[in-house]
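Enquirer:
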Amino acid sequence: SKTPWQIQLPTTLPLKRRQTLTTLFDAATLDRTFYHHEDEVIVRWPADLKVSGKIGVRLQTPGGRIYAEGNPYAKAGEKVNLGKAYTRPDGDYFVTLMPEPQEYYEHNVRLLRHIPIRIANGKFSEIPVDTYAERRREALTAAVPHINTIYSEIAKMALGLWSNLNLKRWTEAIERCNQRADCSDFYLIGMLGALRRFGNHAQFPEELKTAIADCALHFKYWMDEPGQDAMCYWSENHQILFHACEILAGQLYPNRIFANVQQDGAWHKAKGERLAVAWLQKRALGGFREWDSNTYFEHDVLALSHLADLADDDTVAEMAAIVLDKIFFTMAVNSFHGVFGSTHGRTYTPFIKGGRLEPTSSIARLLWGVGAYNSHTLGSVSLACAESYELPPAIAEIGATPVEEMWNQER
3 SKTPWQIQLP TTLPLKRRQT LTTLFDAATL DRTFYHHEDE VIVRWPADLK
53 VSGKIGVRLQ TPGGRIYAEG NPYAKAGEKV NLGKAYTRPD GDYFVTLMPE
103 PQEYYEHNVR LLRHIPIRIA NGKFSEIPVD TYAERRREAL TAAVPHINTI
153 YSEIAKMALG LWSNLNLKRW TEAIERCNQR ADCSDFYLIG MLGALRRFGN
203 HAQFPEELKT AIADCALHFK YWMDEPGQDA MCYWSENHQI LFHACEILAG
253 QLYPNRIFAN VQQDGAWHKA KGERLAVAWL QKRALGGFRE WDSNTYFEHD
303 VLALSHLADL ADDDTVAEMA AIVLDKIFFT MAVNSFHGVF GSTHGRTYTP
353 FIKGGRLEPT SSIARLLWGV GAYNSHTLGS VSLACAESYE LPPAIAEIGA
403 TPVEEMWNQE R
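Numbering (the numbering used here), first residue to last: 3 to 413.
(1) What are the uninterrupted segments assigned as beta strand (DSSP E) that are 3 or more residues long and contained completely in the region 146-228, given in chain order?
(2) Please specify which runs of the beta strand (DSSP E), each continuous and at least 3 residues long, are wholly inside the region 73-146, giving them in chain order.
(3) Would you kindly check if the distance between the Cβ of I152 and the Cβ of R137 is under 9 Å?
(4) Along the chain, where does the alpha helix (DSSP H) that runs through L368 open and close?
(5) Hey, could you find the ends of the alpha helix (DSSP H) E399 is sitting in?
(6) Report the residue from V59, G229, Y255, H220 whose alpha carbon sits nearest the alpha carbon of L32.
(7) With 16 as the cutoff for other CB atoms within 10 Å, does W420 come out buried or exposed?
(8) Decide if A280 is buried, meaning its Cβ has at least 16 other Cβ atoms within 10 Å, or exposed.
(9) Using only the alpha-carbon positions, how far apart do E155 and P256 sit?
(10) Within the same chain, show all residues whose beta-carbon is closer than 8 Å to that of G85, passing over the 5 residues directly before and after it, in chain order.
(11) Over the uninterrupted beta strand (DSSP E) stretch that includes G58, give me the two end residues.
(12) Would DSSP call D315 helix, strand or coil?
(13) State whether the region 285-305 contacts the region 239-254, with contact taken as three or more CB pairs (one from each stretch) at a distance under 8 Å.
(14) Please report the straight-line C-alpha distance between E320 and A310, rounded to a whole angstrom.
(15) Cα separation between A246 and G274?
(16) Are the beta-carbon atoms of A213 and G192 separated by less than 9 Å?
(17) Please name the residue in Q21, R115, T143 whose C-alpha comes closest to that of I382.
(18) Under 8 Å by Cβ, that's how I've got Y37 and A76 pegged, so tell me the actual separation to the nearest angstrom.
(19) Using only the alpha-carbon positions, how far apart do N215 and R285 sit?
(20) Give me the Cα-Cα distance between N123 and L197, rounded to the nearest whole angstrom.
(21) Once the 5 residues before and after M422 are set aside, which same chain residues still bring their CB inside 7 Å of it?
Given below as structure tokens:
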């Protein structure tokens, strides 16, 4: 006869305690994944729960910073209040269920459950608010606390908050570009734009000018250039971002030799313009592969707002403005109570759960006063800095006009 296999897993806890913890963690629920202002983060256990026991509960960031902590006796009908949303910074969090501290730290019991949530306290409006000039300053001010990108730093420059600059953020962004890491184009275009707009200001750090120049002169601007990299050139939004970077770098340093291909800035400018015009013509005539994307329209806006405002070539600047108009018309005609309510050629789960989290929400709030500012600041800051671009009033009116029902088809 065959003897059945037996598998034994070592544990520092009695099996019954481990089973109790697993049951308590699995039974815990939240009533939402998104929290705003007065919403309370409450962990609940069902009334028919058969087990009970002492556990640990935390509200913490993915990086490990703890904002609330408790050690409740979890049982049927029990609930634990971890505080109101407005007492926490905006961002991603985990509600972490864990053994009580002695088990976790002294006995090294690493039995955990992380429940992801999001806190966003930005004011959401379904009707237009303020003037464009007021919203422009509001957009820049709202971006300052979001220190995860240099667009917080660019917003500080635009607001005149020079004494608050954090050069470490710039150094990190420059190093990312020097390493040719993925999404380097998101950062390089912002730095080049900031240097073009604010580089002559008396308080613009000289060491930053030098570091940005060195970065730009050694960057790889397209897939046909030599050198290893971890950058994505193929997707629609990255294409125009790389072309915009090459144009702005060429304009800033027309007579300098760019080390990667041993050509001067004027050569790079011409190449970037040629590729950008081809991209712009395709989108103006045929639309986007990443159609109506509440994610990647932000990156398109990042590139196009820089070109519309800063490109020396009139054709490039005018075509960038036209494609911006097309993007914003698409957003406006699909705007439903502040939500970009259409199908999306590319998006991600958090961005289809509600309008507050959409990367395009900050852009809509800036342009026609509907929606909310959030942590996605690349598009809104770049657009707020683009003083040459003017949104056609008809598009703003479409986006701002509330509708009870909407049926829209496009091809």
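Glycine included, every Cβ here is placed at the ideal spot set by N, Cα and C.
Predicted model only: the values in this text are computed from it and were never measured.
Expert: In short, the structure shows the following:
(1) Listed in chain order, nothing qualifies, since the region 146-228 has no complete beta strand (DSSP E) run of 3 or more residues.
(2) Qualifying beta strand (DSSP E) stretches, in chain order: 81-86, 93-100, 115-121.
(3) No, the pair does not count as a contact, with Cβ atoms beyond the cut-off.
(4) DSSP places L368 in the uninterrupted alpha helix (DSSP H) bounded by 363-370.
(5) Here the alpha helix (DSSP H) through E399 covers 395-402.
(6) That would be V59, whose Cα lies nearest to the Cα of L32.
(7) Residue numbering for the chain in the displayed model covers 3 to 413; residue 420 lies beyond these limits and cannot be assessed.
(8) Exposed.
(9) Going from the Cα of E155 to the Cα of P256 covers about 26 Å.
(10) Cβ within range, chain order: E42, V43, L61, Y69, A70.
(11) Residues 58-62.
(12) Reduced to three states, the DSSP call for D315 is coil.
(13) Segments in contact, yes.
(14) Each residue's Cα considered, the two are about 6 Å apart.
(15) Taking the Cα positions, A246 is about 7 Å away from G274.
(16) It is not a contact, given that the beta carbons lie outside the stated cut-off.
(17) Position check: residue 382 holds Ser in this sequence, whereas Ile was assumed. With distances taken between Cα atoms, S382 lies closest to T143.
(18) That belief does not hold up - the Cβ atoms of Y37 and A76 are roughly 21 Å apart, past 8 Å.
(19) The amino acid occupying residue 215 in the given sequence is Ala; Asn does not appear at that position. Each residue's Cα considered, the two are about 31 Å apart.
(20) Separation of N123 and L197 (C-alpha to C-alpha, rounded to the nearest whole angstrom) is 32 Å.
(21) The shown model of the chain, from 3 to 413, leaves out residue 422, and the question about it has no answer.
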